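Take a look at the structure set out below.
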Amino acid sequence: CTESFRKVPIKFQGVTVKADLYALPLVRPNVIVGVQWLEGLGKVTTDYRTGIMEFNSGGRQVTL
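First residue of the sequence shown: 30, per this note's numbering; consecutive thereafter.
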């Protein structure tokens with residue numbers, strides 16, 4: 030990790046969440062989410078066959 034950024038707002042389908050980010054020398058993917066960020070979402074449903082992840086944020090269902 031070369032740098033870190035605290036509480037960066039990230040927007041997913043109109044829902045903004047804040048996450049601590051760490052700069053890594055990557056080409057792809059652009060962002061890797063960690064357990065700390067996932068724990069902050071609460072209950073998450075993930076379908077590994079389709080790559081779809083669903084969670085609630087502010088009373089709204091978010092599908093990634």
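Cβ atoms here follow ideal geometry from the backbone N, Cα and C, with glycine treated the same way.
The model shown is predicted, which means the values in this text are computed figures rather than measured ones.
Name, in chain order, the residues that DSSP records as bridge partners for residue i.
i	result
residue 26	With the chain represented from 30 up to 93, any question about residue 26 goes unanswered, as that position is not in the structure.
residue 47	38
Please determine, among the options, the residue with the shortest C-alpha to C-alpha distance to residue i.
i	options	result
residue 87	71, 48, 54	71
residue 77	48, 93, 35, 41	93
residue 66	56, 48, 79, 73	48
residue 61	39, 79, 90	39
Spatial neighbours of residue i within its chain, please: C-beta separation below 8 Å, excluding the five flanking residues on both sides.
i	result
residue 54	31
For residue i, which residues from the same chain have a beta carbon less than 6 Å from its beta carbon, with the 5 sequence-adjacent residues on both sides left out?
i	result
residue 74	83
Could you compute how far the alpha carbon of residue i sits from the alpha carbon of residue j?
i	j	result
residue 41	residue 59	14 Å
residue 35	residue 56	22 Å
residue 85	residue 69	11 Å
Got a sec? Which residues, its chain only, sit under 7 Å from residue i by beta carbon, not counting five neighbours each side?
i	result
residue 37	47, 48, 50
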